[in-house]
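As they're listed, the protein sequences go chains A and B. Position in the first sequence (first residue = 1) + 241 = this note's numbering. Position in the second sequence (first residue = 1) + 241 = this note's numbering. Just so it is clear, CB atoms sit at the ideal spot from N, CA and C, and this is done for glycine as well. Structure first, then comments.
There are 2 protein chains.
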Amino acid sequence: MLKNPVVLLDLVDRLANLMRSEFRRIGSEEGLQPVHIQALMFLEQANRFSNTPQALAEYLGLTKGTVSQSLLLLDRRGLIERYQDEFDKRVVRLRLSQLGEAFLSESTPAALWQTATRDISANRVRFSVSVLRSIVYELQNYNGGPPFGVCSTCIYCQRKSQRIHHCTWFGERLSGPETRKICREQVPKTGYLSVAE
Amino acid sequence: MLKNPVVLLDLVDRLANLMRSEFRRIGSEEGLQPVHIQALMFLEQANRFSNTPQALAEYLGLTKGTVSQSLLLLDRRGLIERYQDEFDKRVVRLRLSQLGEAFLSESTPAALWQTATRDISANRVRFSVSVLRSIVYELQNYNGGPPFGVCSTCIYCQRKSQRIHHCTWFGERLSGPETRKICREQVPKTGYLSVAE
DNA sequence: GGGGTATGGTATCGGTTCGATACTAAAAAA
DNA sequence: TTTTTTAGTATCGAACCGATACCATACCCC
C-alpha cells in the first residue's frame with residue numbers, strides 16, 4: 242500500500258489546484274486573480290479580531306508586503322473598505338464593501354465545490370473536517386503561524402446563555418453569529434481534534 | 242452549524258497554502274519555486290502513461306505553455322530528463338534525473354506533512370482520502386480534466402497473478418510497483434468512491 | 001495516397017504575483 | 001525619553017502565468 246499520508250497530501254494539493262483554476266475562471270471576468278478571490282472569501286468569514294492585513298497574510302502564507310498590494314487593488318476596485326482601528330492606530334481593519342459582498346454572492350466561488358460535495362453525507366464531511374483540522378493545527382504548530390479556526394470550537398469560547406457567548410482570550414462578549422466566524426487566535430478544543438472513529 | 246462543505250474547502254485551501262509556504266522554504270535553497278517542487282513530486286509518482294508535459298499541466302491546472310517554461314528550468318538545472326516518445330514523436334517524456342531524485346530524497350518536501358499526520362490513525366487517513374478522492378473525481382467531472390488516481394484503484398487495472406497486472410485501457414502489462422503510481426486515465430472503482438461509514 | 005484538421009510541445013510577450021528591502025508611524029518597553 | 005517592537009506601505013526585480021503564435025507530428029476523410 243502506498244503511504245497514505247502522502248496520498249492525502251497529493252489529494253489536498255490537487256483539490257487546491259482545481260479550485261485555484263476555478264477561482265481564476267471566476268476572477269477573470271472581473272480581472273481578479275485567484276489570490277484576490279481567496280482574500281475576499283477570507284474577509285467574508287473573518288471575525289472582528291482577524292480582519293487585518295497581517296492576519297490575511299498569515300492565513301494565505303504570504304508576506305505582508307505582498308498582501309498589502311493585493312488589498313490595494315481590491316480597495317481601488319471598491320470591493321473592500323479599509324478603516325483605522327479605534328484603539329491601535331497602526332492597525333488597519335478590513336471589511337467587504339457592498340460591492341464586494343454582491344460580487345461574492347453573484348460569482349459564488351464555492352458553487353462548484355458545493356456541487357462536487359453534494360452527494361457526500363454530512364457525517365463523512367464532518368469526519369474529514371476533523372482530520373484536516375488537526376493537520377492544520379499540527380502544521381501551524383511547526384510553522385509558528387496562527388491556526389485560524391472557527392470561534393465556536395475554541396477553548397476560549399464560553400457560552401453564557403442562549404444567545405450570549407464570551408471570549409476569555411480577548412475578554413469580550415460575542416454574539417451567536419460571531420462565534421461561527423474564523424478567528425486567528427482559535428485554539429481548538431480537544432474534542433474537535435480527535436473525533437471518535 | 243456552519244455549512245460544512247465550505248469549512249472543508251477552507252481547510253483544503255489553508256493546508257495547500259501552508260504546504261506552499263513549506264515548498265517555498267525548501268525550494269529557496271536551490272532557487273526553486275513551489276511549482277517546481279510540485280512538478281518534481283508529480284514526476285516522482287507519475288506512471289509511464291502520465292509523465293508528459295501535457296499531463297503535468299492538467300495535474301497542476303496550468304496551461305501547457307506555462308508548464309513548458311518550468312520544465313525548461315528544471316531541465317537546465319539537471320533535475321529532470323526529457324526524451325522523445327518511442328512511437329509518437331510529438332510526445333516528450335519526462336523523468337527525474339539522478340540529481341532530481343537526490344534532491345527530493347534530501348529535501349523531503351513531505352517531511353513536515355508526515356510529521357503533522359503521524360498521530361492520525363491509518364483508518365482516519367484512509368477515510369479522508371476516500372472523501373477527498375471522490376471530490377476530486379466530481380470536480381474534474383465538471384472541469385473536464387483527467388482525474389489522476391492511483392493505478393491499482395482503477396477499473397481498468399486487472400490482477401492477472403501474484404505479480405502481474407494488466408491495464409485494459411492501454412492494453413499493457415503492469416508490474417506491481419507500477420500499479421502504485423499515479424495515472425491520468427484512472428477511473429476509480431466505485432468501492433473507492435463511497436466507502437461505508 | 002493527399003489535404004485538412006487535431007494534438008503535443010515550444011517560443012515570445014506582457015501583466016501580475018511575490019519576496020526582499022527599506023521606510024513610516026504608532027505602540028510598548030526600558 | 002530613548003529604544004525596540006509591531007502594523008502597514010512603497011519600491012524593485014525576479015519569476016510565474018496566460019495568451020497567442022508557431023512548429024512538428026499524427027490522425028481523419030475524401
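Using a Cβ-Cβ cutoff of less than 7 Å, which residues in the same chain neighbour residue i once the five nearest sequence positions on both sides are dropped?
| i | result |
| --- | --- |
| GLU285 of chain B | LEU337 and LEU345 |
| VAL377 of chain A | PRO388 |
| SER348 of chain B | ILE267 |
| SER401 of chain A | Reading off the sequence shown, one finds Lys at residue 401 of chain A, where the question assumed Ser. Cβ neighbours of LYS401 of chain A beyond the five flanking positions: HIS407. |
| GLY319 of chain B | SER338 and LEU340 |
| PHE283 of chain A | LEU297 and TYR300 |
| LEU380 of chain B | none |
| TYR324 of chain B | ARG334 |
I want to verify the contact list: residues of chain B whose CB lies under 7 Å from the CB of residue i, in sequence order.
| i | result |
| --- | --- |
| GLU379 of chain A | ALA357 |
Using a C-beta cutoff of 7 Å, does residue i count as contacting chain A?
| i | result |
| --- | --- |
| VAL333 of chain B | no |
| ILE396 of chain B | no |
| ALA351 of chain B | yes |
| TRP354 of chain B | yes |
| ARG365 of chain B | yes |
Can you list the residues of chain A that residue i reaches, using a CB-CB cut of under 9 Å?
| i | result |
| --- | --- |
| TYR324 of chain B | Ordered by position in chain A, no residue passes the 9 Å Cβ test against TYR324 of chain B, which lies about 25 Å from the chain. |
| ASN384 of chain B | LEU259, SER262, GLU263 and LEU353 |
| PHE389 of chain B | ASP251 and ARG255 |
Taking 7 Å as the threshold (beta carbon to beta carbon), is residue i in contact with chain B?
| i | result |
| --- | --- |
| ASN245 of chain A | yes |
| LEU428 of chain A | Position check: residue 428 of chain A holds Val in this sequence, whereas Leu was assumed. For VAL428 of chain A, the answer is no, since every Cβ of chain B falls outside 7 Å of its Cβ. |
| VAL372 of chain A | yes |
| SER346 of chain A | no |
| ARG404 of chain A | no |
| SER369 of chain A | yes |
| GLU419 of chain A | no |
With 16 as the cutoff for other CB atoms within 10 Å, does residue i come out buried or exposed?
| i | result |
| --- | --- |
| GLY302 of chain A | buried |
| TYR300 of chain A | buried |
| ASP251 of chain A | buried |
| GLY341 of chain A | buried |
| GLN310 of chain A | exposed |
| LYS422 of chain B | buried |
| ARG442 of chain A | As displayed, chain A neither begins before 242 nor continues past 438, which places residue 442 of chain A out of reach and without an answer. |
| THR420 of chain A | buried |
| GLN279 of chain B | buried |
| ALA352 of chain B | exposed |
| PHE328 of chain A | exposed |
| ASN364 of chain B | exposed |
| THR431 of chain B | exposed |
| SER362 of chain B | exposed |
| ASN292 of chain B | buried |
| ASP360 of chain B | exposed |
| ASN258 of chain B | buried |
| ARG369 of chain A | Residue identity check: residue 369 of chain A is Ser in the sequence provided, not Arg. SER369 of chain A comes out buried. |
| SER262 of chain A | buried |
| ASN382 of chain B | exposed |
| GLY412 of chain A | exposed |
Along chain A, in chain order, which residues have C-beta atoms closer than 7 Å to that of residue i?
| i | result |
| --- | --- |
| SER375 of chain B | ILE361 |
| SER416 of chain B | The contacting residues do not exist; SER416 of chain B stays about 15 Å from chain A at best. |
By Cβ distance below 6 Å, which residues in the same chain neighbour residue i in space, the five residues on each side in sequence not counted?
| i | result |
| --- | --- |
| TRP410 of chain B | TYR397 and GLU426 |
| ASP326 of chain B | VAL332 and ARG334 |
| LEU415 of chain B | HIS406 and CYS408 |
| GLY386 of chain B | GLU299 |
| GLU322 of chain B | ARG336 and SER338 |
| GLY272 of chain A | none |
| GLY417 of chain B | ARG404 |
For residue i, I'd like the list of residues in its chain whose CB is within less than 8 Å of its CB, leaving aside the five on either flank, ordered along the chain.
| i | result |
| --- | --- |
| PRO294 of chain B | LYS305, VAL308, SER309, LEU312, VAL333 and LEU335 |
| ALA384 of chain A | At residue 384 of chain A the sequence reads Asn, which differs from the Ala that was named. So no residue of the chain qualifies. |
| ARG265 of chain A | GLN274 and PRO275 |
Quick one: which residues of the segment 295-317 of chain B get their C-beta closer than 9 Å to a C-beta of chain A? List them in chain order. Per Cβ criterion, the list reads TYR300, LEU301, GLY302 and LEU303.
Along the segment 247-269 of chain B, where does the CB come closer than 9 Å to a CB of chain A? Name the residues. Of all residues in the segment 247-269 of chain B, only VAL247, VAL248, LEU249, LEU250, ASP251, LEU252, VAL253, ASP254, ARG255, LEU256, ALA257, ASN258, LEU259, MET260, ARG261, SER262, GLU263 and ARG265 place a beta-carbon less than 9 Å from a beta-carbon of chain A.
Between the segment 273-285 of chain A and chain B, which residues of the former have a C-beta closer than 7 Å to a C-beta of the latter? Cβ contacts with chain B come from GLN279.
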